[in-house]
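Engineer:
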Amino acid sequence: MLDRALCEEVFREAVIECDPAARVRVALQREPVQGKAVIGLAVGKAALAMARGAGDVTRGLVVTNADDGLGVPAGWRVMVAGHPVADERSFHAGAEAVILMKSAEPDDVVLALISGGASALIEECRPGVSPDELRAKAAEKMASGASIHELNTLRISLSGIKGGQLADRSKAPVVTLVVSDVIGDDPRFVGSGPTVRDGDRPRVMERPDSAVRPDRVEIVAPMTSFGEAVHAGLTARGIASRRIVEPLAGDVADVARRLAAEPGVVVAWGEPSVVVPDLHGLGGRAQQLALELAREIRGSDRAGFIAGSDGIDGPGNAAGAFVDGLTWEAVLDPEGALARCDAGTALAAIGALVITGPTGINHADVMIVG
Numbered sequence: 045m046l047d048r049a050l051c052e053e054v055f056r057e058a059v060i061e062c063d064p065a066a067r068v069r070v071a072l073q074r075e076p077v078q079g080k081a082v083i084g085l086a087v088g089k090a091a092l093a094m095a096r097g098a099g100d101v102t103r104g105l106v107v108t109n110a111d112d113g114l115g116v117p118a119g120w121r122v123m124v125a126g127h128p129v130a131d132e133r134s135f136h137a138g139a140e141a142v143i144l145m146k147s148a149e150p151d152d153v154v155l156a157l158i159s160g161g162a163s164a165l166i167e168e169c170r171p172g173v174s175p176d177e178l179r180a181k182a183a184e185k186m187a188s189g190a191s192i193h194e195l196n197t198l199r200i201s202l203s204g205i206k207g208g209q210l211a212d213r214s215k216a217p218v219v220t221l222v223v224s225d226v227i228g229d230d231p232r233f234v235g236s237g238p239t240v241r242d243g244d245r246p247r248v249m250e251r252p253d254s255a256v257r258p259d260r261v262e263i264v265a266p267m268t269s270f271g272e273a274v275h276a277g278l279t280a281r282g283i284a285s286r287r288i289v290e291p292l293a294g295d296v297a298d299v300a301r302r303l304a305a306e307p308g309v310v311v312a313w314g315e316p317s318v319v320v321p322d323l324h325g326l327g328g329r330a331q332q333l334a335l336e337l338a339r340e341i342r343g344s345d346r347a348g349f350i351a352g353s354d355g356i357d358g359p360g361n362a363a364g365a366f367v368d369g370l371t372w373e374a375v376l377d378p379e380g381a382l383a384r385c386d387a388g389t390a391l392a393a394i395g396a397l398v399i400t401g402p403t404g405i406n407h408a409d410v411m412i413v414g
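Per the numbering used here, the sequence shown runs over residues 45 to 414.
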């Protein structure tokens, strides 16, 4: 059976391996940005780390969901805004981002650092859409179990800065570096692509001397990064495991059955969906999946470690949970907890929650079962 301490150790090592600061630093060493002034905009759960990897800028704005208090390089300032639903701080941050983009001159360059969570962290309504309407529709879509592609397509349709519209506010070319949190790594859907246009509408800036500097978009950390690092960590410890390459999606109950049926030790990743009732308890997608898995492996010698790579799984402070063949019987009313989406409360009562704190990365959920 899997050892909980080992799984948590492998998780922590994977966080270090996927450090967004290092990924940004390598990308900029390979292809530096060039401009009279470098205007920085970092938005998302990994924004602080990405800004640190970018280093000093002429002026820059970091917008994230929590400030770790470790500081940022010269030129950057930090704002904290709402997540997973935009709040008043998100609209304020969106206005500040627009001001920053408008301040860029043609000979400057904008360095946009985008990661998961950016969709809620900066916002501006499209004309005719109110903030309350935007928030309500986004919350309704999230509760329905929609995929991130479906959710962010809706967000783009309601927003005045998503879908590349923020880049349109800049007279300078925009270099966008992306830490992906979406299956398929389409940069248009990471944070709803505020600086990334659809492929059929490329944006090219013309300088006064008629030279052309095209925008640049680069995925510096693909969605698969974290699962690959976890698999490598198990292998380094001599644990024979198999990695499921394709992402696991769909209803958490179906994903739990799939994982329980896999032989041996398996490492998987993905973003299963949960339909959340109006009256719900605590716990996010990873905790719900963990309790569903506990039902599937009850009475066996198997175990499962399920955690969000960002270290925060829904409301509360848990990243996920560790369950085994005894968990289902130990939980008080597990069926009711699943129905109420209250897996967090149920698993906390038996000490099954995994607490890591925010990791600064966001590469979906990781699942180790064996």
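Just so you know, even glycine gets a beta-carbon here, dropped at the ideal spot from N, CA and C.
Quick check: is the beta carbon of A125 nearer than 9 Å to any beta carbon in chain C?
Structural biologist: Considering every chain present, this structure includes no chain C. It has just one protein chain.
Engineer: For R96 and V70, which I take to be in contact (beta-carbon distance under 8 Å), what is that distance rounded to the nearest angstrom?
Structural biologist: Taking the first residue of the sequence shown as 1, we reach residue 96 at position 52. Taking the first residue of the sequence shown as 1, we reach residue 70 at position 26. At roughly 13 Å, the Cβ-Cβ gap does not stay under 8 Å, so R96 and V70 are not in contact.
Engineer: Inspect the CB distances between the segment 205-217 and the segment 227-244 and report whether three or more fall short of 8 Å.
Structural biologist: In short, these stretches touch, since the Cβ pair count reaches three.
Engineer: From the DSSP output, in three-state form, read off G30 for me.
Structural biologist: Absent from the model: residue 30. The displayed extent of the chain is 45 to 414, so no value can be given.
Engineer: Can you list, in chain order, the stretches of the alpha helix (DSSP H) that have 4 or more residues and sit fully within the segment 281-345?
Structural biologist: Segments of the alpha helix (DSSP H) lying fully in the segment 281-345: 296-305, 329-341.
Engineer: Hey, which unbroken runs of the alpha helix (DSSP H) at 4 residues or more fall wholly within the segment 156-210?
Structural biologist: Within the segment 156-210, the complete alpha helix (DSSP H) runs of at least 4 residues are 162-165, 175-187, 192-202.
Engineer: Determine the extent of the beta strand (DSSP E) in which F349 is found, giving its start and end residues.
Structural biologist: Locating residue 349 in the sequence shown gives position 305, where the first residue counts as 1. Segment 347-352, the beta strand (DSSP E) holding F349.
Engineer: When we look at the beta-carbon of D409 and count the other beta-carbons within 10 Å, is it buried (16 or more) or exposed?
Structural biologist: What you label residue 409 is simply residue 365 of the sequence shown in a count that begins at 1. By the 10 Å Cβ count, D409 comes out buried.
Engineer: May I ask which residues mark the beginning and end of the beta strand (DSSP E) holding F366?
Structural biologist: Position 322 of the sequence shown, counted from the start, is the residue given in the question as residue 366. Start and end: 364-368.
Engineer: Looking only at C-alpha atoms, which of A273, I283, L335, R281 sits nearest to W313?
Structural biologist: One-based indexing of the sequence shown puts residue 313 at position 269. The residue with the shortest Cα to Cα distance from W313 is A273.
Engineer: Can you tell which of E290, V59, A81 has its C-alpha closest to the C-alpha of V154?
Structural biologist: Residue 154 sits at position 110 when you count from the first residue of the sequence shown. When only C-alpha atoms are compared, the closest one is A81.
Engineer: Span of the alpha helix (DSSP H) holding L85?
Structural biologist: Your numbering for residue 85 matches position 41 in the sequence shown. Element bounds for L85: not the alpha helix (DSSP H) but the beta strand (DSSP E), 82-87.
Engineer: In chain order, what are the residue ranges of uninterrupted beta strand (DSSP E) at least 3 long that sit wholly in the segment 107-166?
Structural biologist: List check, beta strand (DSSP E) in window: 120-124, 153-159.
Engineer: Which first and last residues belong to the beta strand (DSSP E) in which E262 is found?
Structural biologist: Within the sequence shown, the letter at position 218 stands for residue 262. Unbroken beta strand (DSSP E) run through E262: 260-265.
Engineer: Closest to P266 by CA distance: which of V68, E53, L50 is it?
Structural biologist: Residue mapping note: residue 266 aligns to position 222 of the sequence shown, counting from 1. Looking at the Cα atoms, V68 is the closest of the given residues.
Engineer: Inspect the beta-carbon positions of I227 and P291 and report whether they are closer than 9 Å.
Structural biologist: Start at 1 with the first residue of the sequence shown, and residue 227 comes out as number 183. Start at 1 with the first residue of the sequence shown, and residue 291 comes out as number 247. Yes, the Cβ-Cβ distance between I227 and P291 is below 9 Å.
Engineer: Can you tell me the Cα-Cα spacing of C169 and Q331, whole angstroms?
Structural biologist: The residue labelled residue 169 in the question sits at position 125 within the sequence shown. The residue labelled residue 331 in the question sits at position 287 within the sequence shown. Cα to Cα, C169 sits roughly 33 Å from Q331.
Engineer: Taking the C-alpha atoms as reference points, what is the distance between V256 and K185?
Structural biologist: Along the sequence shown, read from residue 1 onward, the residue named residue 256 stands at position 212. Along the sequence shown, read from residue 1 onward, the residue named residue 185 stands at position 141. Here the model assigns V256 a pLDDT of 46, short of 50, so the residue's position is not dependable, and the following value carries that caveat. One C-alpha to the other measures close to 40 Å.
Engineer: How would you call E379, buried or exposed, if buried means at least 16 neighbouring beta carbons within 10 angstroms?
Structural biologist: Stepping through the sequence shown from its first residue, residue 379 is reached at position 335. E379 should be labelled exposed.
Engineer: So the beta strand (DSSP E) I412 belongs to, where does it begin and stop?
Structural biologist: Taking the sequence shown and counting its residues from 1, one reaches residue 412 at position 368. Its beta strand (DSSP E) spans residues 409-413.
Engineer: Going straight from the alpha carbon of G388 to that of L397, what length do you get?
Structural biologist: By one-based count along the sequence shown, residue 388 stands at place 344. By one-based count along the sequence shown, residue 397 stands at place 353. Their backbone Cα atoms lie some 7 Å apart in a straight line.
Engineer: Below 9 Å between beta carbons: does that hold for L72 and L85?
Structural biologist: The residue labelled residue 72 in the question sits at position 28 within the sequence shown. The residue labelled residue 85 in the question sits at position 41 within the sequence shown. No. Outside cutoff.
Engineer: Of the residues R74, S159, G138, which one's Cα is nearest the Cα of T93?
Structural biologist: The residue given as residue 93 occupies position 49 in the sequence shown. According to the sequence displayed, residue 93 carries Ala and not Thr. With distances taken between Cα atoms, A93 lies closest to S159.
Engineer: Using beta-carbon positions only, say whether A15 and L337 come within less than 9 Å of one another.
Structural biologist: Residue 15 is absent from the structure shown; the chain starts at 45 and stops at 414.
Engineer: Roughly how many angstroms lie between the CA atoms of V223 and I263, to the nearest whole one?
Structural biologist: For the purposes of this step, residue 223 is identified with residue 179 of the sequence shown, where counting begins at 1. For the purposes of this step, residue 263 is identified with residue 219 of the sequence shown, where counting begins at 1. Looking at the two C-alpha atoms, the distance is approximately 6 Å.
Engineer: Can you list, in chain order, the residues of its chain with a C-beta nearer than 6 Å to that of K146? Leave out the 5 residues immediately preceding and following it.
Structural biologist: As a first step, residue 146 is located in the sequence shown; it is residue number 102 there, counting from the start. Only R213 meet the Cβ criterion.
Engineer: Tell whether a beta-carbon distance below 9 Å holds between I350 and P402.
Structural biologist: Position 306 of the sequence shown, counted from the start, is the residue given in the question as residue 350. Position 358 of the sequence shown, counted from the start, is the residue given in the question as residue 402. No, the Cβ-Cβ distance between I350 and P402 is not below 9 Å.
Engineer: What are the partner residues of G235, as DSSP defines its beta bridges?
Structural biologist: What you label residue 235 is simply residue 191 of the sequence shown in a count that begins at 1. According to DSSP, G235 bridges with nothing at all.
Engineer: Could you check whether L157 and A98 sit closer than 9 Å to each other, using their CB atoms as the reference points?
Structural biologist: Locating residue 98 in the sequence shown gives position 54, where the first residue counts as 1. Locating residue 157 in the sequence shown gives position 113, where the first residue counts as 1. Contact flag set, yes.
Engineer: In or out: E149 buried (at least 16 other Cβ within 10 Å) or exposed?
Structural biologist: Position 105 of the sequence shown holds residue 149. Burial call: exposed.
Engineer: In three-state terms, what does DSSP make of A58?
Structural biologist: Start at 1 with the first residue of the sequence shown, and residue 58 comes out as number 14. Helix.
Engineer: Pop quiz: L303 and V375 are said to be a contact at Cβ under 8 Å. What is the actual Cβ separation, rounded to whole angstroms?
Structural biologist: The count along the sequence shown starts at 1 and reaches residue 303 at position 259. The count along the sequence shown starts at 1 and reaches residue 375 at position 331. The pair is not a contact, with the Cβ atoms about 18 Å apart (cut-off 8 Å).
Engineer: In this structure, what does DSSP give as the bridge partners for T220?
Structural biologist: What you label residue 220 is simply residue 176 of the sequence shown in a count that begins at 1. Answer by DSSP bridge pairing, in chain order: A156, V261.
Engineer: Of the choices A381, A187, V124, A365, whose alpha-carbon is the least far from that of G161?
Structural biologist: Taking the first residue of the sequence shown as position 1, residue 161 is located at position 117. Nearest option by C-alpha distance: V124.
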